[in-house]
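Student: My questions will all concern the structure given below.
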Amino acid sequence: MTKKMFASDNNSGIHPLILEAISKANDGHAPAYGDDSFTSNVAIKFREHFGEDSDVLFVFNGTGANVIALKAMVRSHQAIICTEGAHIHADEGGAAEGFIGGKLLTVPTEDGKLTVSQIEQQLVHIGSQHRSQPKAISISQCTELGTVYTIDEIKQLTSFAHANGLLVHMDGARISNAAAFLGCSLKEMTTDAGIDMLSFGGTKNGMMIGEAVVCLRKELAPELKYIRKQSMQLGSKMRFISVQFESLFSDNLWLENAIHANNMALQLAEGLQKIPGIALTQPVQSNAVFASIPVEHIHQLQKSYGFAIWNIEKNEIRLVTSFDTTQEDVNLFLSTTQKAFE
2 MTKKMFASDN NSGIHPLILE AISKANDGHA PAYGDDSFTS NVAIKFREHF
52 GEDSDVLFVF NGTGANVIAL KAMVRSHQAI ICTEGAHIHA DEGGAAEGFI
102 GGKLLTVPTE DGKLTVSQIE QQLVHIGSQH RSQPKAISIS QCTELGTVYT
152 IDEIKQLTSF AHANGLLVHM DGARISNAAA FLGCSLKEMT TDAGIDMLSF
202 GGTKNGMMIG EAVVCLRKEL APELKYIRKQ SMQLGSKMRF ISVQFESLFS
252 DNLWLENAIH ANNMALQLAE GLQKIPGIAL TQPVQSNAVF ASIPVEHIHQ
302 LQKSYGFAIW NIEKNEIRLV TSFDTTQEDV NLFLSTTQKA FE
């Protein structure tokens, strides 16, 4: 086994219970394309977490979940408001605009969060036939900077959006980490907070492959299965994705994994703050640590560890912990970092 990295929670392995569930689902045959009992059973679990009126469908990856959710909300002459650092803008190869045909209207932000005033500034050209018409906003929970919207902040955004005829999408690739930080249920910060469409992440939280599109606005649901097929995200052997979510929701494994990853990030951050010359650049509210480190030490650390250089100008790096990050992993990285400064 290679040394644990801190580059991404995508680098982690598969949780043993999920791997076991996949193996059990491999016994015999089952109907294809989601007509199996695993898929119907886990749909019930999703309704338990998001409400009886919620609909769910499973896809291969986060980009697929995002573009399917957004295409159900936005037509090609319309626009989606998001931050400059939003995954749909910065890390999906133009998939949203390419697949939907609409436009992303981006705004700068210091902490990864959208605000009502920023959204309001993007609405001044509503009604102009020369401009893409804003129809949706997309927020990330957790944000790409590891910060977390409070429930009140989400409600402020959704209330303003709905009052102005906008729909709200949440990119929840790390939504479990946000719930762990806030100490709330999934429903409290989505359905109850006014979110219309959610991309629910599984891969970053212990699954092998698979994400979910959770529709929380009934009138948007009928088109989703056709959009999924057209976007090449319909899995034939879907039971192997569904059974992972079933395992994730059993005995609150989703929350246990997220709490552990968050705790490892906090311990990592606390250790880094004790080293002169290192400064945290964002509050640690999830499983990501953002820190400024002198460039010569960054290069030295990269000889031993993989991690992301987030902002070259600020000498800012990102370290991400996972469900399988151990105290020993954290201590070893801190020890290596301390030696690099000696």
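Residue 343, in our numbering, is where the sequence shown stops; the numbers in between run on with no holes.
Each residue gets a CB set at the ideal place from its N, CA and C atoms; glycine is no exception.
Values in this document were obtained by computation on a predicted structure and should not be read as measured data.
How many Å lie between A87 and A213 at the Cα?
Tutor: So the two alpha carbons sit approximately 19 angstroms from each other.
Student: Where do the ends of the alpha helix (DSSP H) carrying F161 lie?
Tutor: 152-164
Student: Identify the continuous beta strand (DSSP E) that holds E212 and give its terminal residues.
Tutor: Residues 212-216.
Student: If you draw a straight line from the C-alpha of V125 to the C-alpha of Q134, how long is it?
Tutor: 10 angstroms
Student: Note the first and the last residue of the continuous beta strand (DSSP E) segment covering I310.
Tutor: 309-312
Student: Anyone know if the C-beta pair for V244 and A22 falls short of 8 angstroms?
Tutor: yes
Student: I'd like to check one pair, A31 with R229: are the Cβ atoms closer than 8 angstroms?
Tutor: no
Student: Assuming Q231 contacts F61 (C-beta within less than 8 angstroms), just tell me the rounded distance between them.
Tutor: That belief does not hold up - the Cβ atoms of Q231 and F61 are roughly 14 angstroms apart, past 8 angstroms.
Student: Once DSSP output is grouped into helix, strand and coil, what is the label at F7?
Tutor: Coil.
Student: Which class does H88 belong to by DSSP, given the choice of helix, strand or coil?
Tutor: helix
Student: What did DSSP end up calling G202 once you bin it into helix, strand or coil?
Tutor: Three-state DSSP puts G202 in a strand.
Student: Can K104 and A137 be called in contact, C-beta distance under 8 angstroms?
Tutor: The answer is no: Cβ separation not under 8 angstroms.
Student: Can you find the residues in the same chain that come closer than 8 angstroms, C-beta to C-beta, to T151, ignoring five residues on each side of it along the sequence?
Tutor: The answer, listed in chain order, is L183.
Student: Output the distance between the C-alpha atoms of Q286 and N263, rounded to the nearest integer angstrom.
Tutor: C-alpha separation (whole angstroms): 7 angstroms.
Student: Give the C-beta separation of L71 and D112 to the nearest angstrom, bearing in mind that I take them to be a contact with Cβ-Cβ under 8 angstroms.
Tutor: About 23 angstroms separates the CB atoms of L71 and D112; that is not less than 8 angstroms, and the two are not in contact.
Student: DSSP on H170, reduced to helix/strand/coil?
Tutor: Assigned with DSSP and collapsed to three states, H170 falls in strand.
Student: Does the beta-carbon distance from I89 to N67 come in below 8 angstroms?
Tutor: Taking 8 angstroms as the Cβ cut-off, I89 and N67 qualify as a contacting pair.
Student: Curious, which full-length alpha helix (DSSP H) runs of at least 4 residues does the stretch 274-318 contain?
Tutor: 296-302
Student: Within 10 angstroms of the Cβ of G203, are there 16 or more other Cβ atoms? Answer buried if so, exposed if not.
Tutor: buried
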